Amino acid sequence: MLSFLYRVFVDSWVGRIVAGLFFLAFIGFGVGDVLLNIGSERADVAARVGNRPILVQTYQNALQTEMPQVAQSMHLTDPSQIPATTRAQVARQVLGRLMLQAEIAEAADRHGLIVPDSVVRDEIFSIPAFKGRDGQFDRALFNDRLRRTGMTEGRLIELVQQEQASRVLLQPIRDGVTAPDVMVRRVFEFEAQTRTIDLVRVPFAEQDVTATPTAAQLARYQANHPWEFTVPEYRHARIVVLSADTIGQRLDITDADLHQAYEAQAQTFNQPERRNVQIVTVPTEARAKALAAQWTDGGAWASVQKGAGKDAAAVELPGIKMSDVPSADLGRQIFAAPADATQGPLKSEGGWVVFRVTAINAAHSTPFDDVKQALHDKLAHDRAQALLADRVQKLQDAIAGGGLDAIPTDLAATAVSGDLDAQGQTHEGTAAPIPGSDAARQAIIARVFSQARGANPELLQGPDGVWYAVAVDGVTPGHVQTLAEAGPKVASAWQAAARRHMADQQATAYYTQAAAQGGLGHVSPAIAGLEHSQPISPMQPAPEIPREVAALIFRLSQPGQSVMTQAGDAYVVATLTAINHPDPATQKNLYDQVRAGLNQSMGDDIEMSYGAALEGIVKPKPNNGAIQAVMAEVTGQQNAGAAQ
Numbered sequence: 001m002l003s004f005l006y007r008v009f010v011d012s013w014v015g016r017i018v019a020g021l022f023f024l025a026f027i028g029f030g031v032g033d034v035l036l037n038i039g040s041e042r043a044d045v046a047a048r049v050g051n052r053p054i055l056v057q058t059y060q061n062a063l064q065t066e067m068p069q070v071a072q073s074m075h076l077t078d079p080s081q082i083p084a085t086t087r088a089q090v091a092r093q094v095l096g097r098l099m100l101q102a103e104i105a106e107a108a109d110r111h112g113l114i115v116p117d118s119v120v121r122d123e124i125f126s127i128p129a130f131k132g133r134d135g136q137f138d139r140a141l142f143n144d145r146l147r148r149t150g151m152t153e154g155r156l157i158e159l160v161q162q163e164q165a166s167r168v169l170l171q172p173i174r175d176g177v178t179a180p181d182v183m184v185r186r187v188f189e190f191e192a193q194t195r196t197i198d199l200v201r202v203p204f205a206e207q208d209v210t211a212t213p214t215a216a217q218l219a220r221y222q223a224n225h226p227w228e229f230t231v232p233e234y235r236h237a238r239i240v241v242l243s244a245d246t247i248g249q250r251l252d253i254t255d256a257d258l259h260q261a262y263e264a265q266a267q268t269f270n271q272p273e274r275r276n277v278q279i280v281t282v283p284t285e286a287r288a289k290a291l292a293a294q295w296t297d298g299g300a301w302a303s304v305q306k307g308a309g310k311d312a313a314a315v316e317l318p319g320i321k322m323s324d325v326p327s328a329d330l331g332r333q334i335f336a337a338p339a340d341a342t343q344g345p346l347k348s349e350g351g352w353v354v355f356r357v358t359a360i361n362a363a364h365s366t367p368f369d370d371v372k373q374a375l376h377d378k379l380a381h382d383r384a385q386a387l388l389a390d391r392v393q394k395l396q397d398a399i400a401g402g403g404l405d406a407i408p409t410d411l412a413a414t415a416v417s418g419d420l421d422a423q424g425q426t427h428e429g430t431a432a433p434i435p436g437s438d439a440a441r442q443a444i445i446a447r448v449f450s451q452a453r454g455a456n457p458e459l460l461q462g463p464d465g466v467w468y469a470v471a472v473d474g475v476t477p478g479h480v481q482t483l484a485e486a487g488p489k490v491a492s493a494w495q496a497a498a499r500r501h502m503a504d505q506q507a508t509a510y511y512t513q514a515a516a517q518g519g520l521g522h523v524s525p526a527i528a529g530l531e532h533s534q535p536i537s538p539m540q541p542a543p544e545i546p547r548e549v550a551a552l553i554f555r556l557s558q559p560g561q562s563v564m565t566q567a568g569d570a571y572v573v574a575t576l577t578a579i580n581h582p583d584p585a586t587q588k589n590l591y592d593q594v595r596a597g598l599n600q601s602m603g604d605d606i607e608m609s610y611g612a613a614l615e616g617i618v619k620p621k622p623n624n625g626a627i628q629a630v631m632a633e634v635t636g637q638q639n640a641g642a643a644q
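Residues 1 to 644 (UniProt numbering) make up the sequence shown, in order.
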């Protein structure tokens, strides 16, 4: 609910404390069938819950905050790299979360949960971002920060009231959830239980197939496995692509242009030293000395935070530069301190400070030559983008007047032609050289295989700002190869099938012996290549144990039982040799983690059920047109519907 405040004040080191004080993270809640309800509403309102509007700007702000986090979780460098379908799913989840927040606020009103003005005032006065150097609430600073962020005082008060009322409503629901002891014990026993196994692998490739298949065997194999020897349909197509990239490749970008762009982005290419800092501010020197004595190593941060007291500020600041520290003297102290050593107490404007530098990222400068190509590409793309609309119109006129043979060369459109299959592969098995992103390539390939042979080309807009036209000149139908056409492929496939069959026979023999004699370790004579594993558990799987085997091993009930399965290009036979049951008394931390996890999960389920019940009572009214516009912006598709 206060994600806007979190985003506003997180840029300053003092402001990061705001999130720790009152940021309430709601569970993700799917929009579900509510998006099917269509109502008339103002264009700037995405949905209305009771009397509470969810503004389009609020929705967009929430998405702008969410997308970078999603990109990071997917190990992507930029949110634009998130697939369109995933972006659409995230957009639905964010809208559902905003609706849930509004529904909870409505429920709080219905239950008469009125937050006293004194509570709201105390909450706002406690926000460090609004405190002056004397540690007291500063009205001038308060007004200035609100003005800079575009938030009114009334809106801030409303947000704090909603957050406090929702906390009062939801907290008893979550606090009342306790996982039964029997459930905790069962889950703990499963997650902490360890097992050891014996296993033997029978790789396909190690089987010695000396027999040479006869002509009859090859013919029978080819007839029984026609899908292995099918030639796909190929189409010969001429493709013309126009985009900012194709135009940019032919633009002349001078060195003077590049140097000017480099100088304009000097702050980007010349980064100052940055440090990760853990810092605690307390009112008195005595308490600061006690904290410094307690803070003997990097692992003590959690206990330092806990022991700092309610009137202290304990915050972790990642990646700050010296100018981020509001006190010049404190900034110099932080950036002069060595890493991994507790510093202080130091007197500052806000109190007595103890801090610890946990990481140092040295200042660095990126030379012009290292970014010259990137600057060139960016400048070319930006300039080409300004030319694209005019070039599209000219290309459309040229195609309408004379087809793909009448395209002027000065438009900077790229033309390719050749045979390709429905996967975009050539006869040689390589990707057809179609310019553009993966999404644009897929759209063009789909057009090639949906357009009739000889049909007039049409200029279409594809993903990522690509325009393209296709002419299909020829179609070669797919067919099953004859034995003569398939040639050596049939013999190779027959040999591979024979090796797999031999591996199956050998593994089956091991499994039968293990089942009869109480395990692989009891088979006589001893099996060559028998492996003995270290203890494994569901929480700590062993990388050397195939996951297919591990999944089956934890289904066995007693030592001596065996399983057989395929794992990659091998058959594996494994015997369960021991089950080690955990003792909660010796693993109390893990037992408590399991209990906390179950309590959290059950609390989430109950909260979600409560949210679903609220949806039935309040009946949110989405503005389908506004939602569709936001979804189209998020996914890059003009036809993205809110209900899709």
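All C-beta atoms in this analysis are idealised placements derived from N, C-alpha and C, irrespective of residue type, glycine included.
Being a predicted model, the structure only gives us computed values, none of them experimental.
Identity of the residue in the options nearest residue i by Cα
i: W227; options: R145, Q481, S327, G307; result: Q481
i: A567; options: T586, P582, R547; result: R547
i: R110; options: A62, D421, L218, G50; result: G50
i: V490; options: V549, P338, R220; result: R220
i: S450; options: V475, I157, Q517, P435; result: V475
i: R500; options: P203, A223, Q271, I553; result: P203
i: F188; options: A455, D604, A626, A596; result: A596
i: E544; options: P213, A300, Q628, I197; result: I197
i: E163; options: H479, G154, Q101, D134; result: Q101
i: E607; options: S166, Q534, A256, N224; result: S166
Alpha-carbon spacing of residue i relative to residue j, whole angstroms
i: V630; j: V56; result: 8 Å
i: L375; j: D382; result: 11 Å
i: Q93; j: G465; result: 27 Å
i: A215; j: A496; result: 17 Å
i: G344; j: G350; result: 14 Å
i: R447; j: H236; result: 13 Å
i: Q506; j: V634; result: 55 Å
i: N276; j: T366; result: 22 Å
i: P477; j: L420; result: 12 Å
i: G625; j: E458; result: 29 Å
i: T85; j: T565; result: 35 Å
i: Q628; j: D369; result: 44 Å
i: A632; j: L598; result: 38 Å
i: A422; j: E233; result: 7 Å
C-beta contact flag for residue i and residue j at 8 Å
i: F355; j: I279; result: yes
i: A570; j: V563; result: no
i: A471; j: G403; result: yes
i: V168; j: L113; result: yes
i: N580; j: T65; result: no
i: I239; j: Y468; result: yes
i: K621; j: R147; result: no
i: I247; j: L614; result: no
i: V304; j: A314; result: yes
i: G487; j: G518; result: no
i: A179; j: M602; result: yes
i: R52; j: E123; result: no
i: W494; j: L218; result: yes
i: V353; j: L330; result: yes
i: A526; j: I536; result: no
Three-way DSSP call (helix, strand, coil) for residue i in this model
i: Q561; result: coil
i: R133; result: coil
i: H479; result: strand
i: F22; result: Annotation note: pLDDT 33 at F22 (below 50); position unreliable, no value reported.
i: E316; result: strand
i: residue 673; result: Outside the displayed span of the chain (1 to 644) sits residue 673, for which this structure offers no information.
i: V353; result: strand
i: A570; result: strand
i: W467; result: strand
i: P203; result: strand
i: G365; result: Going by the sequence as given, residue 365 is Ser instead of Gly. In the structure shown, S365 sits in a strand (DSSP, three-state: E or B).
Chain C within 8 Å of residue i, Cβ atoms only
i: E544; result: The structure shown contains no chain C, having only a single protein chain.
Buried versus exposed, by CB contacts within 10 Å (16 or more), residue i
i: A440; result: buried
i: Q81; result: exposed
i: Q171; result: exposed
i: F229; result: buried
i: G96; result: buried
i: T77; result: exposed
i: G309; result: exposed
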